[in-house]
Amino acid sequence: MKRSKKLLLLPFFLAAAWLGGCESTDPFSIPPPDFSTVPDPTPISGIEPVEIENGILAYVHEEGFGPYFVTARDDVSLYMTLRTDDGEIIYSTFANSRTEPVLLSVRESGRLQNVFQFSILQSFTPGLKASLLGMKTGEKTTFQVSPEMGYQSAPSGSSTAMFRENTLYYEIQISRIFPD
Numbered sequence: 042m043k044r045s046k047k048l049l050l051l052p053f054f055l056a057a058a059w060l061g062g063c064e065s066t067d068p069f070s071i072p073p074p075d076f077s078t079v080p081d082p083t084p085i086s087g088i089e090p091v092e093i094e095n096g097i098l099a100y101v102h103e104e105g106f107g108p109y110f111v112t113a114r115d116d117v118s119l120y121m122t123l124r125t126d127d128g129e130i131i132y133s134t135f136a137n138s139r140t141e142p143v144l145l146s147v148r149e150s151g152r153l154q155n156v157f158q159f160s161i162l163q164s165f166t167p168g169l170k171a172s173l174l175g176m177k178t179g180e181k182t183t184f185q186v187s188p189e190m191g192y193q194s195a196p197s198g199s200s201t202a203m204f205r206e207n208t209l210y211y212e213i214q215i216s217r218i219f220p221d
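Read in the numbering used here, the sequence shown has 42 at position 1, and its numbers run on one by one without any break.
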């Protein structure tokens, strides 16, 4: 009889242990990035824009150097911050106090990606790829990308669909080019 009473209490103790051991946060959720360490945008006032393609203006802050320029086949190491026309940061290599550049495949950068929020893949647009082409090591440029070259064709329900009508600003500095 004693044994059956103990067995009846077992589910209660297991439930209490399970509830007490669970955290209040979802272990599978990805926390949003900390954009507090992202530098302020480099001003573009006073810089004459260059139209590099229909819907994309380039504001060059620092000229690049070296024998190589970015081609569609290359991988590049870069620093990048992507903002909307109202200043909202979508992605930045400087998030979460990072100071190192990230590696990006230029050949993949022109395709819209339906991915997790907060991934560099989220920044991929036709405008990004067109902006990267021709840049040199050390070059720092802000690119103004029209909605047509940005997220206008992003699928409904994607993490970037809310930016379909926004003009985008990519601030990019090329750290290194890995020619193919």
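By construction, the Cβ of each residue, glycine as well, lies at the ideal position given by its N, Cα and C atoms.
Note that the coordinates shown come from a computational prediction; the quantities given were computed from them, not determined experimentally.
Residue environment, residue i, which counts as buried when at least 16 other CB atoms sit within 10 Å
{"i": "Asn207", "result": "buried"}
{"i": "Pro167", "result": "buried"}
{"i": "Thr201", "result": "buried"}
{"i": "Phe157", "result": "Its pLDDT being 42, under 50, Phe157 is placed unreliably in this model, and the coordinates cannot settle the point."}
{"i": "Phe106", "result": "exposed"}
{"i": "Ile131", "result": "buried"}
{"i": "Ala113", "result": "exposed"}
{"i": "Ile71", "result": "exposed"}
{"i": "Ser133", "result": "buried"}
For residue i, the first and last residue of its enclosing beta strand (DSSP E)
{"i": "Ser216", "result": "209-219"}
{"i": "Arg124", "result": "116-125"}
{"i": "Phe110", "result": "106-110"}
{"i": "Phe184", "result": "181-186"}
C-alpha distance - residue i paired with residue j, whole-angstrom precision
{"i": "Glu180", "j": "Asp126", "result": "22 Å"}
{"i": "Thr122", "j": "Pro188", "result": "17 Å"}
{"i": "Val143", "j": "Gln214", "result": "11 Å"}
{"i": "Cys63", "j": "Phe69", "result": "Per-residue confidence for Cys63 stands at a pLDDT of 49, beneath the threshold of 50, marking its modelled position as unreliable; the derived number appears in the next sentence. Cys63 and Phe69: Cα-Cα distance of roughly 13 Å."}
{"i": "Phe165", "j": "Gly191", "result": "8 Å"}
Distance CB(residue i)-CB(residue j) smaller than 8 Å
{"i": "Arg124", "j": "Pro82", "result": "yes"}
{"i": "Ser172", "j": "Tyr109", "result": "no"}
{"i": "Val101", "j": "Val147", "result": "no"}
{"i": "Ala136", "j": "Asp221", "result": "no"}
First and last residue of the uninterrupted alpha helix (DSSP H) at residue i
{"i": "Gly168", "result": "167-173"}
Note to self: With three or more beta-carbon pairs closer than 8 Å as the criterion, would you say the segment 89-98 touches the segment 114-123?
What the structure shows: no
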